[in-house]
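Asks: One structure, as structure tokens, below. Some questions next.
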Amino acid sequence: MSRTFERGSQIFEDERPLTDDWDPEELPERDGELGHIHNALAPAIRDTGVGPHNMFLFGKTGQGKTAGIEYKLEDLEKAADDAGLDITSINYNCAGDSSSYHVLINLVERLTGDNLNGHPMSKITNEFFEAVSDIGGTVIVVLDEIDNIGTSDEILYSIPRAKSNGNIPDSMHLSVIGISNNFKFRDNLSPKVKDTLFDEEIHFAPYNATQLRSILERRADQAFKDGVLDEDVIPLCAANAAQDKGSARQALRYLYKAGELASNTGNEMVTEDHVRRARERIDRKNIEKGIREMTLQDQMSLTAVVALEVEGSTPAKTTELYARYKDIAREINADIRTQRSLRDHLLELDLMGVVDATKKQTGNRGGPHYVFEMASDLGMTLDILSEDSRLGDAVELVTTNRSIEEYLD
Ligand SMILES: Nc1ncnc2c1ncn2[C@@H]1O[C@H](COP(=O)(O)OP(=O)(O)O)[C@@H](O)[C@H]1O
Ligand SMILES: [Mg+2]
Numbered sequence: 001m002s003r004t005f006e007r008g009s010q011i012f013e014d015e016r017p018l019t020d021d022w023d024p025e026e027l028p029e030r031d032g033e034l035g036h037i038h039n040a041l042a043p044a045i046r047d048t049g050v051g052p053h054n055m056f057l058f059g060k061t062g063q064g065k066t067a068g069i070e071y072k073l074e075d076l077e078k079a080a081d082d083a084g085l086d087i088t089s090i091n092y093n094c095a096g097d098s099s100s101y102h103v104l105i106n107l108v109e110r111l112t113g114d115n116l117n118g119h120p121m122s123k124i125t126n127e128f129f130e131a132v133s134d135i136g137g138t139v140i141v142v143l144d145e146i147d148n149i150g151t152s153d154e155i156l157y158s159i160p161r162a163k164s165n166g167n168i169p170d171s172m173h174l175s176v177i178g179i180s181n182n183f184k185f186r187d188n189l190s191p192k193v194k195d196t197l198f199d200e201e202i203h204f205a206p207y208n209a210t211q212l213r214s215i216l217e218r219r220a221d222q223a224f225k226d227g228v229l230d231e232d233v234i235p236l237c238a239a240n241a242a243q244d245k246g247s248a249r250q251a252l253r254y255l256y257k258a259g260e261l262a263s264n265t266g267n268e269m270v271t272e273d274h275v276r277r278a279r280e281r282i283d284r285k286n287i288e289k290g291i292r293e294m295t296l297q298d299q300m301s302l303t304a305v306v307a308l309e310v311e312g313s314t315p316a317k318t319t320e321l322y323a324r325y326k327d328i329a330r331e332i333n334a335d336i337r338t339q340r341s342l343r344d345h346l347l348e349l350d351l352m353g354v355v356d357a358t359k360k361q362t363g364n365r366g367g368p369h370y371v372f373e374m375a376s377d378l379g380m381t382l383d384i385l386s387e388d389s390r391l392g393d394a395v396e397l398v399t400t401n402r403s404i405e406e407y408l409d
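Set out below in structure tokens:
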């Protein structure tokens, strides 16, 4: 039977609050962090000789870092207007950039319209400072998702030092706010960056279920028609997300998808069952996407963890996983790398959130080592890997309980 498109919805009043680009009107769960940001920005309005402090915000994704900084900068701009002060913020997301060079090229293009790709770094840096000087007053550069630039972090010390190096006029203030989803990035920054940038480090810890609940409640109030949410729906979305990564983005996705499932099937209520199905779909999509974007070496490392997890032998040490990894590589005719390389890939998987790595202190010799286990859903991961054209056979092989020797040639 053919369906007709219909206007309006029995479920949704306004879907925008359930989307990612919605700007929340308040973030009371981040009072502490926003207070810290406030204090760091306050010198800009005090106008008593120094500019806003440099800041570094870090925490996993979905913790309100981007929303929080946008919220405070809007506050600051209002206060600046009222006080007649000249304050400009430049909000830039580094998601597509792999180095400081790329970030600077894009910033210069944004500010001047000129694309300087191919020019030496020094020229691009000079152009950037010239463009900033043309703006004048107080300029705040926000570099969101700065972890994408890896160890090429020059921009994070050239901006804080611009004034002392004579790159911008003495009458100006220029500061930088770096935002990172990745803890390793912070640890791996060069010492001179740590020195200049970390006047203010602000950690956004994962939300707990109670906080996620209140976030969802505020947004659901605006998004859903009155009375269409079963009373368990929001607590369930919040609890699911809290158990996983504590991400508000994830919690919102569960809620939105549950609403859509109800709406698509003509239901008048969103129920617990919709949440369960929404969660399955979203989690599966996430794992699929994660696996698709991995290198083959990452995929094989993951398959090794899956194999030991199936047998109940996790958390497992790198040595144990290495034996399994070699079987997998042989089966699919892939390069066999060193045990050390396997460990690096496993730590990479930990960063992606697919695997959990725990550091253990060994007694008398050898220093610390890691043990690994699955972080994402085993059944789903196994399923997805089995369907993979190249890894499928290896999955079958390593998850049967045959001994390793059988495969040695
Ligand atoms: N305390 C909060 N109140 C309301 N919405 C929030 C809160 N924290 C996060 N969000 C919402 O969750 C989503 C993810 O937040 P975001 O700031 O993008 O996270 P991050 O930058 O840390 O990855 C956004 O839709 C944001 O509006
Ligand atoms: Mg963000």
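Take the sequence shown: its letters are residues 1 to 409, numbered as in UniProt numbering. Beta carbons are placed, not taken as given, at the ideal position from N, Cα and C, and that holds for glycine. Predicted model, so just to flag it, every value in this text is computed and none were measured.
What separation, rounded to the nearest whole angstrom, lies between the Cα atoms of V103 and E130?
Replies: 16 Å
Asks: Less than 8 Å between the CB of E15 and some heavy atom of ligand 1, yes or no?
Replies: no
Asks: Going straight from the alpha carbon of S389 to that of A334, what length do you get?
Replies: For S389 and A334, the distance between alpha carbons rounds to 14 Å.
Asks: Quick one: measure Cβ to Cβ for S9 and S386, integer angstroms, because I've assumed they're closer than 8 Å.
Replies: Their Cβ separation, rounded to whole angstroms, is 38 Å, which puts S9 and S386 out of contact at 8 Å.
Asks: Is N93 helix, strand or coil by DSSP?
Replies: The answer is strand: DSSP assigns N93 an E or B state.
Asks: Is the Cβ-Cβ distance between V132 and V142 less than 9 Å?
Replies: In this structure, the beta-carbon distance from V132 to V142 does not fall below 9 Å.
Asks: If contacts are defined as beta-carbon pairs under 8 Å, then A40 and P52 qualify, I think. What distance do you get, rounded to the angstrom?
Replies: 6 Å
Asks: Can you find a heavy atom of ligand 2 that lies under 8 Å from the Cβ of K60?
Replies: no
Asks: Residues bridged to K317 by DSSP?
Replies: When DSSP reads this structure, K317 sits in a beta bridge with V371.
Asks: Since E309 and M374 are thought to touch, with beta carbons under 8 Å apart, how far apart are those beta carbons, to the nearest angstrom?
Replies: Approximately 5 Å separates the beta-carbon atoms of E309 and M374; this is inside 8 Å, confirming the contact.
Asks: Grab me the residues of A223's own chain with a C-beta within less than 7 Å of its C-beta, minus the 5 sequence neighbours each way, in chain order.
Replies: F12, E13, D14, E15, P17 and L18
Asks: Give, in chain order, every unbroken run of the alpha helix (DSSP H) that is at least 4 residues long and sits entirely within the stretch 78-150.
Replies: 100-112 and 121-135
Asks: Consider the C-beta atom of E201 and the heavy atoms of ligand 1; say whether any pair is separated by less than 8 Å.
Replies: no
Asks: Could you tell me how far apart the beta carbons of T303 and L391 are, in whole angstroms, since I believe they sit closer than 8 Å?
Replies: 6 Å
Asks: Measuring straight from C-alpha to C-alpha, what distance separates I336 and L351?
Replies: For I336 and L351, the distance between alpha carbons rounds to 22 Å.
Asks: If you scan the stretch 220-295 from start to end, which runs of the alpha helix (DSSP H) of 4 or more residues do you find wholly inside it?
Replies: 233-244, 248-264 and 272-293
Asks: By how many angstroms is the C-alpha of L76 removed from the C-alpha of H36?
Replies: Taking the straight line joining both Cα atoms gives about 14 Å.
Asks: CB-CB under 7 Å to I168, same chain, minus the five flanking residues each way: which ones, in chain order?
Replies: F129, V132, S133, A162 and L174
Asks: Would you report the Cα separation of D82 and T271, rounded to the nearest angstrom?
Replies: 48 Å
Asks: Indicate, with yes or no, if ligand 2 has a heavy atom lying under 8 Å from the CB of T66.
Replies: yes
Asks: Mind checking E405: buried by the 16 CB within 10 Å criterion, or exposed?
Replies: Legend: pLDDT at E405 = 41, less than 50; position of this residue unreliable, value from coordinates given subsequently. It is exposed - the Cβ of E405 has fewer than 16 other Cβ atoms within 10 Å.
Asks: Could you compute how far the alpha carbon of T138 sits from the alpha carbon of M294?
Replies: 42 Å
Asks: Short of 7 Å in beta carbon distance, which residues of its chain neighbour residue 441, apart from the five on each side in sequence? Order them along the chain.
Replies: Residue 441 falls outside the range modelled here, since the chain spans only 1 to 409, and no answer is possible.
Asks: Could you pull out every residue in the same chain whose Cβ sits closer than 7 Å to the Cβ of S403, ignoring the five residues on either side in sequence?
Replies: Below a pLDDT of 50, predicted positions are generally treated as unreliable, and S403, at 42, falls in that range; the measurement from the model is reported next regardless. Apart from the 5 residues on each side of it in sequence, S403 has no Cβ closer than 7 Å to any other Cβ in its chain.
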